[in-house]
Each structure stands twice: as structure tokens, then as C-alpha cells.
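Student:
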Amino acid sequence: MKGGGVEVGVAAAKDSTQRNGVNRGVSILDFILRLLGFIATLGSAIAMATTNESLPFFTQFIRFRAEYDDLPTFTFFVIANAIVSGYLILSLPFSIIHIVRSKAQKTRILLIFFDTAMLGLLTAGASAAAAIVYLAHKGNRKANWFAICQQFNSFCERISGSLIGSFVGVVLFILIILSSGVALSRR
Numbered sequence: 682m683k684g685g686g687v688e689v690g691v692a693a694a695k696d697s698t699q700r701n702g703v704n705r706g707v708s709i710l711d712f713i714l715r716l717l718g719f720i721a722t723l724g725s726a727i728a729m730a731t732t733n734e735s736l737p738f739f740t741q742f743i744r745f746r747a748e749y750d751d752l753p754t755f756t757f758f759v760i761a762n763a764i765v766s767g768y769l770i771l772s773l774p775f776s777i778i779h780i781v782r783s784k785a786q787k788t789r790i791l792l793i794f795f796d797t798a799m800l801g802l803l804t805a806g807a808s809a810a811a812a813i814v815y816l817a818h819k820g821n822r823k824a825n826w827f828a829i830c831q832q833f834n835s836f837c838e839r840i841s842g843s844l845i846g847s848f849v850g851v852v853l854f855i856l857i858i859l860s861s862g863v864a865l866s867r868r
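Heads up: the sequence shown at position 70 corresponds to 751 in the numbering used here, and the numbers run straight through without jumps.
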């Protein structure tokens with residue numbers, strides 16, 4: 682009877698070690714996803730904030746300019762991506778704590794809460810900008826809005842690329858939240 686208790690104790694210790702190993706792996710994945718999300722959102726914010734193009738109109742002295750801050754939606758997009766990238770860089774130390782202490786639960790719950798809020802902000806910014814990018818490419822004849830991408834090619838390429846980076850950030854946030862949920866459920 683005594684020997685059976687030792688076997689159960691050894692099995693429980695082995696199971697606990699395996700769980701800590703899996704949680705540590707999930708925490709490392711969380712760190713990598715946060716780093717990739719930071720790069721994607723910061724790159725999107727920089728790409729959009731530095732987007733502008735000028736086209737001559739009749740003469741060299743009269744020019745049409747297209748800049749991101751001409752549209753408040755793009756300004757919101759830049760601000761949302763900048764806030765999210767700032768949050769991601771500030772959350773990296775917590776992610777490192779989770780690698781070192783894989784049983785940390787309260788900070789993981791706190792991060793899930795803020796991750797969800799940042800996912801909402803990033804999705805709102807990217808979705809609003811996607812509507813304007815669509816109008817820039819296709820226009821809307823009923824509203825008498827013309828597509829500008831035939832004239833402002835470089836501008837449209839940069840805003841579209843910036844939008845792709847932001848949606849990559851959205852997908853990474855979803856993966857971050859799911860991995861944190863997995864780590865919490867394995868407790």
C-alpha cells in the first residue's frame with residue numbers, strides 16, 4: 682500500500698513537470714507573438730504616417746497632394762496602431778515573467794483583459810481604414826466619389842500595405858489571447 686502511494690506521487694510530479702514544460706512553451710510562443718505583433722503594428726503605423734504623394738495639375742506649380750492626415754480615419758488608424766504597439770512593447774516584460782514563472786496566473790488574466798481591449802482597438806482602426814482604402818480603390822458612383830488609386834498609385838500601395846500589416850496584428854492578437862487561454866486552462 683505504501684509503494685502505491687509513492688507511485689502516485691511520482692506520477693503526479695511527472696504530470697506537473699510536463700504541464701510546466703507545456704506552459705513554458707506556450708509562454709515562449711506568447712513572447713514571440715507579442716514581438717511579431719509589435720513589429721506588424723509599428724510598421725503599419727509608420728507606413729501610414731509617412732504616406733504622401735503629390736501630382737502635378739496643369740503646371741508644376743499647382744499640385745494635388747494626398748496625405749494620410751487628409752482623412753481622419755487614417756489618423757485614427759495611425760493612433761490605434763501606435764497605442765497597440767506601445768502596449769505590446771510594455772507587455773513584453775510580463776511575457777518574460779510568464780516564461781520564468783509558468784504558474785503565474787493573475788498577470789496572465791490581466792494580460793488577457795488588456796489584450797482583448799487592444800484587439801478591439803486594433804480591429805476598429807483597421808476596419809475603418811479598410812473602408813476608406815476600398816473607396817480609394819473602387820470609388821462609389823452613387824455618392825459621386827471617384828477612385829483615386831489610378832492617379833495616386835504610390836499612395837494607394839502604401840496604405841494597402843499598411844492595412845495588411847494591421848490585419849496581421851489582429852490575427853496575432855487572436856493567437857495571443859488563445860495561447861493565454863490555453864496556458865490558463867492547463868493550470
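Even glycine gets a Cβ: it sits at the ideal position worked out from N, Cα and C. Please read these numbers as outputs of a predicted model, since none were measured by experiment.
1. Please state the DSSP three-state secondary structure of Asn-834.
2. Between which two residues does the alpha helix (DSSP H) holding Asn-762 run?
3. Kindly indicate which three-state DSSP category Asn-704 falls into: helix, strand or coil?
4. Return helix, strand or coil for Ala-693, following the three-state DSSP convention.
5. Starting from Asp-796 and walking both ways along the alpha helix (DSSP H), at which residues does that stretch end?
6. Given this structure, state the Cα-to-Cα distance separating Met-799 from Ala-828, to the nearest angstrom.
7. Below 8 angstroms, how does it come out for the stretch 768–775 and the stretch 820–836: are there three or more Cβ pairs, yes or no?
8. Taking all protein chains shown into account, do 16 or more other C-beta atoms lie within 10 angstroms of the C-beta of Asp-796, making it buried, or fewer, making it exposed?
9. Is it a yes or a no for the stretch 750–762 touching the stretch 803–812, going by three-plus beta-carbon pairs under 8 angstroms?
10. Rounded to whole angstroms, how far is the Cβ of Ala-810 from the Cβ of Leu-844, which I believe are closer than 8 angstroms?
Tutor: Answer, in terms of the structure:
1. helix
2. 753–781
3. helix
4. Residue placement at Ala-693 cannot be trusted, given a pLDDT of 47 that sits under 50; what the coordinates show is reported in the next sentence. Helix, per DSSP.
5. 787–819
6. 32 angstroms
7. no
8. buried
9. yes
10. 6 angstroms
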